[in-house]
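Here's the structure, in structure tokens; my notes come after.
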Amino acid sequence: MVDQSGIHDKTFSLSADERIDALEQFRASFESFPDRQQVFDDLLRLCSDEDETVQEKAINALEAVFPLVPDRKKAWEELAGLVKSVSVPETVRWEIINVLPSIFPQVADMKQVWTELIEITASEDSRVQEKAASYLETVFPELSEKEREEAWKDFLGLIGTENQATWKATVLSLVSSFAYVPDKRRAWDKLLRLTGKESTYAREQTMEALILLFPSMPDKTKVWADFTALAGSKYENVREMASDALILLYPYQEDREKVWDDLIRLARKGDNYVRGSAADILARIFHQQPDGEKVREDIKSLAGERYDYIVQRALEVLGPDYPQLFEAQDPIEELYKLAREKAPYAKWKAASGSEVGDSRKKSDSSLQDEE
């Protein structure tokens, strides 16, 4: 029979060695103690011990015995409470949050786990914030369908966080969790609405999330329509990020004629940045269009400098693979001939898009000809 009272008294000893000895006995014989809740409380208290070795051993012991604690719901609340408490040393909060993933499976109510993690993302400790945000993707799939709908709102509530590391962890969790969202269109639309927030920072984070999420959206036609609409936003940062993203969306679109018409519209009516982005994409894809004559007329209909830019850009992009463009007496006519013949599209070489600004760099390999 273990002497729980005697070991309990040791946890108050002035000697760190005696406190460590008590911890080791608690861990080794946890199931044998008559009052396991008392043992857990002792371990919890020693997590904030003044001695770092005692702290570390107490946290490790808690992780080991957690599955055997009689009231794991209460135990989880107390453990999460330590992480959220500003009176607990930063090192202790950090050590505890690092062991939480091994404890998640032992908690029956995953909604409770989710709620605590969301609260921890508001911690004053930026490292703890980031860690909690990174755990969200682990918990989200374990929620019920109804709980996931509510949890998605929590995700959206994190948009606008000023800590870059926390935002990075949040958006990665959000993207990973999107696969488990029951109504993806509805979730997408809720996120889309945040592009109208007054905070510049929040708008940029929303756009980043949309760009990362779009491959997981079943309806790519809707995604294209949403992004072309965002290219007309009243907010400059939204317009620029949306127009830059169009080149990533293009390979997913089946109706290339509709895409072409949308880009021509943006090249005519957008602001300078949007018109430039649209013109850059038009230069890259014009030879993939089925109606060469329409392409010619559409490009010619653009006002002077846009027409010149598209033609010149196309020559720059295609020239290394089709030297006949520069050997011809009329390079522009040869360009249209190439389009009419629907020549196989070569990989873009030297087409990083740096000529039109670093912020307009494109993923060139995604625009190979799709035959």
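Just so you know, the sequence shown maps onto residues 3 to 373 in my numbering. We treat Cβ as the ideally placed atom computed from N, Cα and C, and that holds for glycine. Given the structure is predicted, the values throughout are model-derived calculations rather than measurements.
DSSP three-state call for residue i: helix, strand or coil?
i: T13; result: coil
i: S361; result: For S361, the predicted model reports a pLDDT of 38, less than 50, meaning its position is unreliable and no value from the coordinates is stated.
i: N165; result: coil
i: T197; result: helix
i: F28; result: helix
i: F157; result: helix
i: G294; result: helix
i: W350; result: Here the model assigns W350 a pLDDT of 32, short of 50, so the residue's position is not dependable and the matter cannot be decided.
i: A345; result: Because the pLDDT at A345 is just 45, under 50, the model does not fix this residue reliably, and the point stays unresolved.
i: M219; result: coil
i: E256; result: coil
i: L145; result: coil
i: D264; result: helix
i: A304; result: A quick correction: the sequence has Leu, not Ala, at residue 304. In the structure shown, L304 sits in coil (DSSP, three-state: anything other than H, G, I, E or B).
i: G321; result: coil
i: Q331; result: coil
i: G8; result: helix
i: S356; result: In this predicted model, S356 has a pLDDT of only 36, less than 50, meaning its place in the structure is not dependable; the value taken from the coordinates is given anyway. Residue state, collapsed to three classes: helix.
i: D185; result: coil
i: V240; result: helix
i: A71; result: A small correction: the amino acid at residue 71 is Val; Ala does not occupy that position in the sequence shown. If DSSP states are grouped into helix, strand and coil, V71 belongs with coil.
i: A233; result: coil
i: G272; result: coil
i: S87; result: coil
Is the beta carbon of residue i less than 9 Å from the beta carbon of residue j?
i: V67; j: R38; result: yes
i: A269; j: L214; result: no
i: D282; j: E238; result: no
i: K222; j: Y182; result: no
i: K2; j: K155; result: Lying outside 3 to 373, the shown extent of the chain, residue 2 is not represented and no answer is given.
i: L194; j: L174; result: no
i: A167; j: S128; result: yes
i: R74; j: A110; result: yes
i: S218; j: L248; result: no
i: I266; j: A204; result: no
i: Q108; j: P69; result: yes
i: P220; j: K271; result: no
i: F142; j: W169; result: no
i: E132; j: P184; result: no
i: E126; j: V94; result: no
i: L158; j: L119; result: no
i: K236; j: W190; result: no
i: A171; j: I122; result: no
i: V130; j: W96; result: yes
i: D51; j: R29; result: no
i: L250; j: F216; result: yes
Assuming residue i contacts residue j (C-beta within less than 8 Å), just tell me the rounded distance between them.
i: I99; j: A134; result: 7 Å
i: A60; j: L25; result: 6 Å
i: Y252; j: V261; result: 6 Å
i: R241; j: A231; result: Rounded, the Cβ-Cβ distance is 11 Å, inconsistent with contact.
i: E139; j: S179; result: 5 Å
i: V4; j: F42; result: No, V4 and F42 are not in contact; Cβ-Cβ is about 15 Å, not under 8 Å.
i: Y137; j: L102; result: 7 Å
Using beta carbons (cut-off 9 Å, strictly below), is residue i in contact with chain D?
i: L304; result: The chain labelled as chain D is not found in the depicted structure, where only one protein chain is given.
Quiz item: At which residue ranges does the region 89–136 contain complete alpha helix (DSSP H) runs of 4 or more residues, listed in the order of the chain?
Solution: 92–105 and 112–122
Quiz prompt | Complete runs of the alpha helix (DSSP H) confined to the region 23–68 [at least 4 residues] | solution = 38–48 and 54–67
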